[in-house]
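Visitor: This note's numbering applies: residue 2 is where the sequence shown begins, and numbers increase by one.
The beta carbon of each residue, even a glycine, is placed where N, CA and C say it ideally should be.
Have a look at this one before I ask anything.
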Amino acid sequence: MKIEKIELREIRMTMKTAFETSFGVTQERRIILVSISSGGVTGYGEVSCNETPGYSYETTETAWHILNDFIAPNVIGKTLEQPSDYQALVKPLRGHPFAKAGLEIALWDWFAKAANLPLWKFIGGTKTELPVGLSVGIKKSPEALAEFVLEQQQIGYQRIKLKIGRGRDLSYVAAAREALGTSMNLTVDANSDYTLEDIDILRELDQYNLQYIEQPLENDDIIDHGTLAKHLKTPLCLDEPIHSAADVRRALQMGAAKVINLKIGRVGGHLESHKIAAYCQANNIALWCGGMLESGVGRAHNVALQTLAAFTMASDTAPSSRYWHEDIIEPEITMHNGITKPLEGIGIGVNLKHDLIAKLTTRVSSF
Ligand code: OSB
Ligand code: MG
2 MKIEKIELRE IRMTMKTAFE TSFGVTQERR IILVSISSGG VTGYGEVSCN
52 ETPGYSYETT ETAWHILNDF IAPNVIGKTL EQPSDYQALV KPLRGHPFAK
102 AGLEIALWDW FAKAANLPLW KFIGGTKTEL PVGLSVGIKK SPEALAEFVL
152 EQQQIGYQRI KLKIGRGRDL SYVAAAREAL GTSMNLTVDA NSDYTLEDID
202 ILRELDQYNL QYIEQPLEND DIIDHGTLAK HLKTPLCLDE PIHSAADVRR
252 ALQMGAAKVI NLKIGRVGGH LESHKIAAYC QANNIALWCG GMLESGVGRA
302 HNVALQTLAA FTMASDTAPS SRYWHEDIIE PEITMHNGIT KPLEGIGIGV
352 NLKHDLIAKL TTRVSSF
């Protein structure tokens, strides 16, 4: 295919409720939608980094800069035989995986549509029942958290992950565990709020029978997580420092993680995601797909990815209605009894609501 047209479009979407993590509060999302057209077929992607450099150094603004000034001008007019040909075009650009992924995943959607296949089948997915976990932002008090997670458990989520931070940890986890009972899959995500000096607090978490503790230490660390793991019974899960299959290999070598949270944007797209999935499967590392408060476009890509057999734990693909009054896709992502199913339409399997998207648009750049 020859890339005839690329469109970058920033939209603003207001979340139903604010989402608080150890690095900040999100209420309004700024999302870049990427579309690629060729031969009458259009593929769609989304840049899923945050607005502020709290989770990653990338922001909506840096991704706009990288895509608009470097990636799109270099990719327009090029001919690709397969989605992986894109890698050679972005190789000279260091870092910025979320920006790179926005366009890369649109290419996968295009190639799947051109092959007349749903994306999940195009990438070799086989799972048809995908367990859904919920990521719960930090709440005002342990009591408020306990009440909220109980409601969510009744909705059917198969795993509940609590965002924690220093000073907002043990009493919250204790209250949630008490409310949910002993058998519910419960996890915590610290988004890098602790250091090795907090080892005593982190050891206290062992008593709550957590499925894993996600990213307690620095965002680019693998080595200290290996040290910490020796002091804990609870398995560790890495999120922020994993950008490639090679990073997963390093984590395994350091004993730093038994579980990996894979986010398509953080690793630069589908191709690296598939390599990580294959590596985890071959090495018995538990794997699940994380969320970045995406619109339905990003979530549809996440759903397709999780159909790979390597995904062994519930993923953060909550239904559209959890975050949005109205999502930008139809059909919306739904969940029944804690399960979401792969989308059977071709490509990402959803249509974009172009009228709604036009109303949410703040800027457009066309190539
Ligand atoms: O650590 O998983 C995280 C959102 C923004 C930044 C980091 C994270 C998150 C989430 C969102 O947990 C979960 C979701 O999209 O459902
Ligand atoms: Mg995380």
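Taking only runs that begin and end inside the segment 163–250, name each unbroken alpha helix (DSSP H) of 4 or more residues, in chain order.
Guide: You should have 171–181, 200–205 and 224–230.
Visitor: Quick check: does the Cβ of GLN216 come within less than 7 Å of any heavy atom belonging to the ligand MG?
Guide: yes
Visitor: Please classify VAL26 as buried or exposed, where buried requires at least 16 other C-beta atoms within 10 Å of its C-beta.
Guide: exposed
Visitor: Measure the CB-CB distance between VAL260 and TYR209 and report whether it falls below 8 Å.
Guide: no
Visitor: Below 8 Å, can you find three or more Cβ-Cβ pairs linking the segment 27–39 to the segment 4–13?
Guide: yes
Visitor: Could you please give the first and the last residue of the uninterrupted alpha helix (DSSP H) stretch that includes PHE24?
Guide: Taken as a continuous stretch (DSSP letters only), PHE24 belongs to no alpha helix (DSSP H), as it is neither H nor E.
Visitor: Report the option in SER23, THR188 and TYR45 whose CA atom is closest to the CA atom of LYS354.
Guide: TYR45
Visitor: Are three or more beta carbon pairs between the segment 285–305 and the segment 258–274 nearer than 8 Å?
Guide: Result yes; three or more Cβ-Cβ pairs closer than 8 Å.
Visitor: Taking the straight line between their C-alpha atoms, what separation do you get for GLN88 and ALA252?
Guide: Going from the Cα of GLN88 to the Cα of ALA252 covers about 24 Å.
Visitor: When burial is assigned at 16 or more other CB atoms within 10 Å of the CB, is ASN284 buried or exposed?
Guide: exposed
Visitor: With the cut-off set at 8 Å, would you say ARG300 and ILE334 are in Cβ contact?
Guide: With a cutoff of 8 Å on beta-carbon distance, ARG300 and ILE334 are scored as near each other.
Visitor: By how many angstroms is the C-alpha of HIS66 removed from the C-alpha of PHE368?
Guide: 14 Å
Visitor: Starting from SER136, trace the beta strand (DSSP E) in both directions and tell me its first and last residue.
Guide: 134–137
Visitor: Hey, is the segment 62–82 in contact with the segment 100–109, meaning 3+ C-beta pairs nearer than 8 Å?
Guide: yes
Visitor: Which one of GLN216, LYS3 and TYR56 has the shortest CA to CA distance from ASN75?
Guide: Of the candidates GLN216, LYS3 and TYR56, LYS3 places its Cα closest to the Cα of ASN75.
Visitor: Going by beta carbon distance, what residues of the same chain come within less than 8 Å of LYS1, once the five residues before and after it are set aside?
Guide: No statement about residue 1 is possible, as the shown extent of the chain runs from 2 to 368 and does not include it.
Visitor: Going straight from the alpha carbon of ILE200 to that of ASP170, what length do you get?
Guide: 13 Å
Visitor: Confirm, please, whether the CB-CB distance from ILE358 to PRO132 is below 8 Å.
Guide: no
Visitor: Go to ASN303, then tell me how far its alpha helix (DSSP H) extends in each direction, as first and last residue.
Guide: 297–306
Visitor: Measuring CB atoms only, is the segment 185–201 touching the segment 233–246, in the sense that at least three cross pairs come out at less than 8 Å?
Guide: In the pairwise beta carbon analysis, the segment 185–201 is classified as touching the segment 233–246: at least three pairs are separated by under 8 Å.
Visitor: Using beta-carbon positions only, say whether ASP190 and GLN216 come within less than 8 Å of one another.
Guide: yes
Visitor: I need the DSSP call for GLN310, collapsed to helix, strand or coil.
Guide: The question names Gln, yet the displayed sequence has Ala at residue 310. The answer is coil: DSSP assigns ALA310 none of H, G, I, E or B.
Visitor: Leaving out the 5 sequence neighbours to the left and right, which residues in its chain are closer than 8 Å to LEU94 when beta-carbon positions are compared?
Guide: Contacts found: ILE67, PHE71, ILE72 and LYS101.
Visitor: Spell out the partners DSSP gives PRO119 in its beta bridges.
Guide: In the DSSP secondary-structure assignment, PRO119 is bridged to GLY348.
Visitor: Looking at ALA246: is its Cβ nearer than 8 Å to the Cβ of ILE224?
Guide: Against a cut-off of 8 Å, the Cβ pair of ILE224 and ALA246 comes out as no contact.
Visitor: Check whether chain C comes within 8 Å of MET314, counting only Cβ atoms and requiring the distance to be less than that.
Guide: Note that chain C does not occur in the displayed structure, where there is just one protein chain.
Visitor: When burial is assigned at 16 or more other CB atoms within 10 Å of the CB, is LYS79 buried or exposed?
Guide: exposed
Visitor: With a threshold of 6 Å on Cβ separation, who are the neighbours of GLY126 within its own chain once the five nearest residues in sequence on each side are excluded?
Guide: The beta carbon of GLY126 is closer than 6 Å to those of THR308 and LEU309 in its chain, skipping five residues each way along the sequence.
Visitor: To the nearest angstrom, how far is the alpha carbon of GLY350 from that of GLY168?
Guide: 43 Å
Visitor: Which partner residues of GLY46 appear in the DSSP bridge assignment?
Guide: VAL35
Visitor: If the criterion is Cβ atoms closer than 8 Å, does the pair VAL304 and CYS281 meet it?
Guide: no
Visitor: Going by DSSP, which residues form a beta bridge with ARG323?
Guide: Beta-bridge pairing links ARG323 to no other residue.
Visitor: From TRP325 to GLY157, what distance separates their C-alpha atoms?
Guide: 19 Å
Visitor: Exposed or buried, which one is SER23 when buried takes at least 16 other CB atoms within 10 Å?
Guide: Within 10 angstroms of the beta-carbon of SER23 lie 16 or more other beta-carbons, which makes it buried.
Visitor: If distances are taken between C-alpha atoms only, which option among GLY55, ASN220, LEU229 and LEU263 comes closest to SER193?
Guide: ASN220
Visitor: By how many angstroms is the C-alpha of SER321 removed from the C-alpha of ILE139?
Guide: 20 Å
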